[in-house]
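One structure is given below, encoded as structure tokens.
Numbering (our numbering), first residue to last: 838 to 1163.
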């Protein structure tokens, strides 16, 4: 798959996993990157015994400080495991998300810089939600040479705003640091959540997320920003009607990344079917979207709902972590 610059990243991190199966997945060239989010860390920190010792050691600190110690340690460990990939130009990035409760751009920027400096690894990406203040933060972090993962992208407008932020940030960075490697950015396009919400309304199931993601992928590709790639996220299957690796195989496109849950990755590898997918034509996508609109799907309202739901879910997960650590 490297011949088309397609990457598979693992959308899961937990301390015991990082020191065991994660290493095997890297060595087998199964994955070459990893992502995390508040929901993933909630499952790890609240349910795994691997964090008990550090929780006890830092119990007098604030809940958020304890969380940051635990999370940044995991990210740093994973980044070390991925360092050979990064050095070879084979991705090797690991993402950590800012506190989803932050609203002001200045607060997001401060936290992004603080997390990046705490981890001190060149292959870390700071994950920022694609909201209005987030776009300003993306630009500023990119300007500082910090890799950015723009997350919770559902609409084409969000993707364009990310592209604009990355372009401006890259321009400012290049002006200050010419002849140096550019900071890298990924635009995380969420896929399966559309189908979970809309399949009952539509004749064809499992298609809206694919076509919307393809539209956004085309926009990013056509922008020609060489330090920015599409990352397909939310690619786990929640329905028995679709194969477990459906969203990996359907979006196996050149110059793209797919970050998937561990079980989804295992299903994909076990299938042995790694043929690049033919990208749907614009006419095919437009025809489907027209039918969806006729079926009562309001694209802008759906995107806004999914963004709100995604933000709420990350805030709830983050707050649950802090409550458990209090």
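Yeah, the Cβ is synthetic: ideal placement off N, Cα and C, and Gly gets one too.
Given that a residue counts as buried once 16 or more other Cβ atoms are within 10 Å of its Cβ, and exposed if not, what is residue i?
i, result
"residue 995", "buried"
"residue 1029", "buried"
"residue 941", "exposed"
"residue 852", "buried"
"residue 878", "buried"
"residue 1066", "buried"
"residue 1013", "exposed"
"residue 973", "buried"
"residue 1006", "buried"
"residue 1118", "exposed"
"residue 964", "buried"
"residue 980", "buried"
Excluding the 5 residues preceding and the 5 following residue i in the sequence, name in chain order all residues of the same chain whose CB lies nearer than 6 Å to its CB.
i, result
"residue 882", "888, 907 and 1158"
"residue 1161", "883"
"residue 916", "931, 958, 960 and 961"
"residue 982", "1010 and 1020"
Among the options, which has the Cα closest to the Cα of residue i?
i, options, result
"residue 1101", "1079, 975, 839 and 1155", "1079"
"residue 1057", "1023, 1087, 1081 and 1047", "1023"
"residue 945", "978, 867 and 955", "978"
"residue 970", "939, 955 and 985", "939"
"residue 1133", "1111, 1103 and 1040", "1040"
"residue 838", "1146, 854, 1106 and 848", "1106"
Can you name, in chain order, every residue of its own chain whose Cβ lies under 7 Å from the Cβ of residue i, other than the five neighbours on each side?
i, result
"residue 860", "918"
"residue 903", "892, 895 and 1162"
"residue 876", "1150, 1151 and 1154"
"residue 1032", "1042, 1043, 1045 and 1046"
Identify, in the order they occur along the chain, each residue of the same chain with its Cβ nearer than 8 Å to the Cβ of residue i, setting aside the five sequence neighbours on each side.
i, result
"residue 1036", "1042, 1043, 1045 and 1076"
"residue 1122", "1048, 1051 and 1052"
"residue 1130", "1136"
"residue 1034", "1139, 1142 and 1143"
Contiguous beta strand (DSSP E) assignments of at least 3 residues, all confined to the region 961 to 1010
961 to 966 and 984 to 990
Touch check for the region 1088 to 1095 and the region 1061 to 1072: three-plus C-beta pairs under 8 Å?
yes
Within the region 1061 to 1125, note down every full beta strand (DSSP E) run reaching 3 residues or more, in order along the chain.
As far as the region 1061 to 1125 is concerned, its whole beta strand (DSSP E) runs of at least 3 residues are 1065 to 1070 and 1093 to 1097.
Secondary structure, alpha helix (DSSP H): runs of 4+ residues fully inside the region 908 to 934:
Runs found: 920 to 924.
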